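Data block below; observations after.
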Amino acid sequence: MVSQYQVIGNSAPRVEGIDKVTGKALYTADFSPPGTIWGKALHSPYAHARILSIDTTAAKALPGVHAVITGRDVAGGMYGRAIKDIPVLALDRVRFFGERIAAVAADDEDIAQRALDLIEIEYEELPAVFDPLEALEPSAPVLHDGASAYQGMKLPEGAPPNAYSVIKVDRGDIEAGFAEADVIVENTYHLPRVHQVYLEPQSVLIWLDGERVQVWTCSKAPYNTREALATAAQIPEESVVFNPTLIGGDFGGKATPSDLPICYFLARASGRPVRMILDYTEELMAANPRHEVVVQLKSGVKHDGTLTARQVRFLVNSGAYAGYKPAGIIRGSNQAAGPYKIANTRLEGINVYTNTVPGGHMRAPGEPQAFFAVECHTDEVAKAIGMDPLQFRLLTLVEEGEETAFGEVLQDVLAKQTLMAAAEAAGYYSPKAPNVGRGIGIGDRPPGGGQGTADVTLRPDGTVLLTTGVFEQGSGTYTTFRQVISEELQIDPERVEIEVQNTDYVKMDSGLGGSRGTRIYTTAAYDAAQAAKTELIGLASRQLEWPEDKIAYAGDEVRRTDTGESVRWADLLARSGDTVSGRGHIQDSARPHFTSFTAQIAEVSVDPETGEVKLLSFTTAHDVGKIINPISHQGQINGGVMQGIGYALMEELRVEDGRVTTLSLGDYKVPTIRDIPPMKTVLVQSESGVGPYQIKGIGETPIGPVAPAIANAVADAIGVRVRDLPVTAEKVFQALKEAKA
Amino acid sequence: MQPFSFHRPTSLDETFSLLEQHGDEARMIAGGTALVVMMKQSLFTAEHLISLDRVPGLSGIRGEADGLHIGALTRHRELEMSPVVRSAAPFLAEVYSHVATVRIRNQATVGGGLAHADPNQDPPAAFITLEARVKLVSRNGERLVPVAELFSDYYETVIQPGELLTEVIVPPVAPGTRTAYLKFLPRTEDDYATVAVGATAQMQGGVVQKLKVALIAAAPTALSATVVEDQLVGKSVTPAAIRQAAEAVEAIVDPLDDFRGSSSYKRDMAVVFTRRALERVLQDGA
Ligand SMILES: Cc1cc2nc3c(=O)[nH]c(=O)nc-3n(C[C@H](O)[C@H](O)[C@H](O)COP(=O)(O)OP(=O)(O)OC[C@H]3O[C@@H](n4cnc5c(N)ncnc54)[C@H](O)[C@@H]3O)c2cc1C
Numbered sequence: 002m003v004s005q006y007q008v009i010g011n012s013a014p015r016v017e018g019i020d021k022v023t024g025k026a027l028y029t030a031d032f033s034p035p036g037t038i039w040g041k042a043l044h045s046p047y048a049h050a051r052i053l054s055i056d057t058t059a060a061k062a063l064p065g066v067h068a069v070i071t072g073r074d075v076a077g078g079m080y081g082r083a084i085k086d087i088p089v090l091a092l093d094r095v096r097f098f099g100e101r102i103a104a105v106a107a108d109d110e111d112i113a114q115r116a117l118d119l120i121e122i123e124y125e126e127l128p129a130v131f132d133p134l135e136a137l138e139p140s141a142p143v144l145h146d147g148a149s150a151y152q153g154m155k156l157p158e159g160a161p162p163n164a165y166s167v168i169k170v171d172r173g174d175i176e177a178g179f180a181e182a183d184v185i186v187e188n189t190y191h192l193p194r195v196h197q198v199y200l201e202p203q204s205v206l207i208w209l210d211g212e213r214v215q216v217w218t219c220s221k222a223p224y225n226t227r228e229a230l231a232t233a234a235q236i237p238e239e240s241v242v243f244n245p246t247l248i249g250g251d252f253g254g255k256a257t258p259s260d261l262p263i264c265y266f267l268a269r270a271s272g273r274p275v276r277m278i279l280d281y282t283e284e285l286m287a288a289n290p291r292h293e294v295v296v297q298l299k300s301g302v303k304h305d306g307t308l309t310a311r312q313v314r315f316l317v318n319s320g321a322y323a324g325y326k327p328a329g330i331i332r333g334s335n336q337a338a339g340p341y342k343i344a345n346t347r348l349e350g351i352n353v354y355t356n357t358v359p360g361g362h363m364r365a366p367g368e369p370q371a372f373f374a375v376e377c378h379t380d381e382v383a384k385a386i387g388m389d390p391l392q393f394r395l396l397t398l399v400e401e402g403e404e405t406a407f408g409e410v411l412q413d414v415l416a417k418q419t420l421m422a423a424a425e426a427a428g429y430y431s432p433k434a435p436n437v438g439r440g441i442g443i444g445d446r447p448p449g450g451g452q453g454t455a456d457v458t459l460r461p462d463g464t465v466l467l468t469t470g471v472f473e474q475g476s477g478t479y480t481t482f483r484q485v486i487s488e489e490l491q492i493d494p495e496r497v498e499i500e501v502q503n504t505d506y507v508k509m510d511s512g513l514g515g516s517r518g519t520r521i522y523t524t525a526a527y528d529a530a531q532a533a534k535t536e537l538i539g540l541a542s543r544q545l546e547w548p549e550d551k552i553a554y555a556g557d558e559v560r561r562t563d564t565g566e567s568v569r570w571a572d573l574l575a576r577s578g579d580t581v582s583g584r585g586h587i588q589d590s591a592r593p594h595f596t597s598f599t600a601q602i603a604e605v606s607v608d609p610e611t612g613e614v615k616l617l618s619f620t621t622a623h624d625v626g627k628i629i630n631p632i633s634h635q636g637q638i639n640g641g642v643m644q645g646i647g648y649a650l651m652e653e654l655r656v657e658d659g660r661v662t663t664l665s666l667g668d669y670k671v672p673t674i675r676d677i678p679p680m681k682t683v684l685v686q687s688e689s690g691v692g693p694y695q696i697k698g699i700g701e702t703p704i705g706p707v708a709p710a711i712a713n714a715v716a717d718a719i720g721v722r723v724r725d726l727p728v729t730a731e732k733v734f735q736a737l738k739e740a741k742a
Numbered sequence: 007m008q009p010f011s012f013h014r015p016t017s018l019d020e021t022f023s024l025l026e027q028h029g030d031e032a033r034m035i036a037g038g039t040a041l042v043v044m045m046k047q048s049l050f051t052a053e054h055l056i057s058l059d060r061v062p063g064l065s066g067i068r069g070e071a072d073g074l075h076i077g078a079l080t081r082h083r084e085l086e087m088s089p090v091v092r093s094a095a096p097f098l099a100e101v102y103s104h105v106a107t108v109r110i111r112n113q114a115t116v117g118g119g120l121a122h123a124d125p126n127q128d129p130p131a132a133f134i135t136l137e138a139r140v141k142l143v144s145r146n147g148e149r150l151v152p153v154a155e156l157f158s159d160y161y162e163t164v165i166q167p168g169e170l171l172t173e174v175i176v177p178p179v180a181p182g183t184r185t186a187y188l189k190f191l192p193r194t195e196d197d198y199a200t201v202a203v204g205a206t207a208q209m210q211g212g213v214v215q216k217l218k219v220a221l222i223a224a225a226p227t228a229l230s231a232t233v234v235e236d237q238l239v240g241k242s243v244t245p246a247a248i249r250q251a252a253e254a255v256e257a258i259v260d261p262l263d264d265f266r267g268s269s270s271y272k273r274d275m276a277v278v279f280t281r282r283a284l285e286r287v288l289q290d291g292a
């Protein structure tokens, strides 16, 4: 296929790339209004306790300390993204190990830390609950007695203790479905908490500059975060301005209010600009990790491979608060039955409070959990009827016009094509050495929606300014903007300048997340470019007295279509001493009816004596729309797979008695380049997509099926199944031992 | 981090004076890779840091008749890449290449690494099996201590207050010595060992002439596995003998539960990897 585009579809270097590699790029930590001091918070050493007294006298007396605040100094402020259930500072009760109780602003970080050490607190420990199943028991301690009063909370009626959201779906007749089955398979899967491990820790800086609250922070959704801060601080949203800064890695975790509300009260109490940056111990202990989830799956299947029924119980351990989730709950439960045709399904999805670190967002929230459960389960069901896992999937995957397990009808479904492409590339049926196995994972996700704005200005010097409110977190949106403008205005990319505006720019912008970036912002930029062209033609018509319908935009020029006369638009603008602009605004939150499939195949070898799993190769196939920037697109695939490998084999925020114990990156390990096997990417071209270029999202899809592909490969290699991540050598070793016994 | 004074003595004599003057409140710093992390985590505080970087004569590698002399301030990376080490004791260079990442190896020193005495560190596996000794120097003189006897507990050595490790001496490696270092890294390639085993051996006509085995990450200190050696030296090698000798490590290991594995798993793995190391040095291609 010959591309109709000049720029779109060709790899483009990063707009901010040179600045990043030369150290010129500015992140939150690089900003320092005059007089900036350091803030630090004191974290609870108990998972659940009443606070009897707090004595800050000694801390306040320490030289170099400018302010010490506690729950009494924050005016009852509560914060959160959708559900405002997190006290800015705990007032009389702490609900997780690591919860913020008091905070100090001091000349430097070391003094702040010493002041924190001087704060004396008396606690009375309370019974705590850590396990999401136990938290639902009638005897469990209740974390939030007044939950229904929280702003944004819609408490379900008759829910068990600590459950603050219960989703139920019943489709078909589940009992009849199970009755029809030849075999019933029932398994429970456990997914641990993991951290995003962005390089830049959560960083905030607040300066109360007269009437305005000036903010620098690493939020990729600054408008949402502004609302959360304003609500917590009980100040008008318009008084707050978030200033542009780059974000040093996100992976879903960089849109939380983080320590902003605390920082605001410290700035108020000290009268100075205050900066707070988590150290990595605080990150691992009390930031906003991916949720622990327990998934119970029960399936009925006939010997011929027909799935007759599937029941899903998806239990999300929210931790002590719900406030770090943009929608109050995470998705995933809706995908835990997989992209399979099943006539009778039942879903119960519960979000439950426990005395553990609150979960937040991480790349494809809920999906890696759901995919791990259902894709491992799919292999277990296939095994129960003696069918090859690939054949079983080909038999049961949804096709065009069919309903998914929970009743969605999708268009342009490429599930089987994507799976077959992966299988062929991986040599799925080629001979294997002993103790070598291959495993499959498949899943899908449409791009998310939201709203965004872009302005395009043509300037007399022939350059073009693209104005945006996006704070880039590394996924390449600025570069996409430049490509779109370069394409639509037919000019060299170097002539496109990107200008990032603070949050006074528009009323609302969703920012990045949910694989919406390319969907929303290519459309906004495209529309802005078209609008600017229309403006330009209007100007040309007025200036040159040409009929408007006879003027066309042609690269550097405007041209008369009837006479062939042309004028450089830069000259036109120079003459009029003016610029022309166009705005694109898009608001589209609908879930598209087409999705994007990812099918992955892992090949592993297992050492039967030690349980060690070696990843030999990894194949990842994606059903894609138009790819705007191939190198960025591949980067998302590689990064997603790598993060998935970490999830599969090594990452886990270990929690003992409610306390995270993996408190350094020496204990909490992520994969390095030496752990990554040869990778093969296969792209399956789809005819559909969203927006002017028919794109599909890629930011989140690659991570989901990685872990089940690896766990299924381990089972294929050595015959034992590990149902809780990560699949460590020791777990495989234990499973082998038990299998022998 | 707590504030501290930073001293940079320019002679051994001055170093001893500073150590005497500040006693318990002082600590030497070489590469700082271990010490600074501990200070940042408040695991350890010192009022005075005495940097060894300007003390002459503590760095560099010399080959002499009695073996290699490796100065305490020699960086890991320098040792690993040294042509002298690579020809006289390639096993040592190989083991050092397993330490952390090249960034750490560029900064960490040989003496600092030994004095740190974390039982998870790799180099003692080579030093013990090559029968190296360290030179400890104080105002009152000097003494030589075999690396096998240097460590007394987690992060503890027999180095006395006022004493300084100045060099490591690795005796000449007999021609035909076979070596193996197996570092078990089941999580990620960038990690401390779950367990690791080093072995050196000399064989003649299928009979074990000499054997040295050391275990890492298996006990409060790096372990010299003489129980294994005693079972095999002077005997001809059979798979059964190797298996049985390897099982003897169960009696001497005492590993910690940590994120690299439970104590019982490490115990099992110590046996597996001891056996595999023995097979390498006693059997493979022999
Ligand atoms: C991220 C990371 C990963 C690591 N991974 C590994 C690994 O995989 N394998 C491994 O083996 N090691 C590993 N290490 C440990 C590393 O080997 C040690 O940190 C290093 O060897 C210490 O050397 P140094 O010169 O930096 O010592 P320093 O930090 O300067 O000092 C360490 C201790 O030795 C004392 N000291 C220093 N020099 C002398 C001397 N001449 N005489 C007496 N006492 C002295 C100091 O007072 C201090 O107590 C890792 C370390 C880090 C930070």
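Line order of the protein sequences matches chains F and X. Start counting the first sequence at 2; every next residue gets the next number (our numbering). Start counting the second sequence at 7; every next residue gets the next number (our numbering). Virtual Cβ for every residue (Gly too), placed ideally from N, Cα, C. For clarity, every value in this text was computed on a predicted model and none was experimentally measured.
The nearest non-hydrogen atom of ligand 1 is 7 Å or more from the C-beta of residue 339 (chain F). The DSSP-derived three-state label of residue 245 (chain X) is helix. Here residue 711 (chain F) has 603 and 649 as same chain residues with Cβ atoms under 6 Å from its own Cβ, once five neighbours each way along the sequence are excluded.
Contacts between residue 651 (chain F) and chain X, judged by CB atoms closer than 7 Å, involve 193 and 194 in chain order. For ligand 1, no non-hydrogen atom lies closer than 7 Å to the CB of residue 589 (chain F).
Proximity of residue 741 (chain F) to chain X, defined by a Cβ-Cβ separation below 8 Å, is not satisfied. Using a Cβ-Cβ cut-off of 7 Å, residue 613 (chain F) is close to 192 of chain X, given in chain order. For residue 734 (chain F), the closest Cβ of chain X is nearer than 8 Å.
Taking a C-beta distance under 8 Å as the contact criterion, residue 173 (chain F) and residue 345 (chain F) qualify as a contact pair. In the assembly as shown, residue 200 (chain F) is an exposed residue. Its beta-carbon has fewer than 16 other beta-carbons within 10 Å. Contact between the segment 178-195 of chain X and the segment 630-646 of chain F is absent: fewer than 3 CB-CB pairs across the two stretches fall below 8 Å.
Within the segment 145-217 of chain X, the complete beta strand (DSSP E) runs of at least 3 residues fall at 147-152, 157-159, 170-176, 184-190 and 201-210. If you check the C-beta of residue 34 (chain X) against ligand 1, you find a heavy atom less than 7 Å away. Short note on residue 160 (chain X): C-beta not closer than 7 Å to any heavy atom of ligand 1.
Annotation note: the segment 433-480 of chain F contains the following uninterrupted beta strand (DSSP E) runs of length 3 or greater, listed N- to C-terminal: 437-445, 451-459 and 465-469. For the segment 709-731 of chain F, residues whose beta-carbon sits nearer than 8 Å to a beta-carbon of chain X comprise 729, 730 and 731. Nearest Cα to residue 291 (chain F) within the set F:684, F:182 and F:644: F:644.
Taking a Cβ-Cβ cut-off of 9 Å, the neighbours of residue 675 (chain F) in chain X comprise 194, 195 and 196, given in sequence order.
When the five nearest sequence neighbours on each side are left out, the beta carbons in the same chain lying within less than 6 Å of the beta carbon of residue 69 (chain X) are those of 90 and 94, in order along the chain.
Counting only runs of 3 or more residues that sit fully inside the segment 617-691 of chain F, the beta strand (DSSP E) segments are 680-686, in chain order. A check of alpha carbon separations from residue 187 (chain F) across F:383, F:36, F:233 and F:208 identifies F:383 as the nearest. When C-alpha distances from residue 662 (chain F) are compared across F:48, F:20 and F:15, the shortest belongs to F:48. Identification of chain F residues near residue 187 (chain X) by a Cβ-Cβ cut-off of 9 Å yields none; the smallest Cβ-Cβ distance measures about 17 Å. Judged by DSSP in its simplified three-state form, residue 279 (chain F) adopts coil rather than helix or strand.
DSSP, read as helix, strand or coil, puts residue 85 (chain F) in strand.
Listed along the chain, the chain F residues whose CB falls inside 8 Å of the CB of residue 160 (chain X) amount to none; the nearest CB is some 16 Å away. For residue 6 (chain F), same chain residues with a beta-carbon under 7 Å away, outside a window of 5 residues either side, are 488 in chain order. Residue contact check for residue 88 (chain X) against chain F: no CB pair falls below 8 Å. Put simply, the segment 248-258 of chain F touches the segment 207-227 of chain F. At least three CB pairs are less than 8 Å apart. Counting only Cβ-Cβ distances below 8 Å, residue 102 (chain X) has no contacts in chain F at all, with the closest Cβ about 17 Å away.
Under the DSSP definition of a beta bridge, residue 247 (chain F) partners with F:28.
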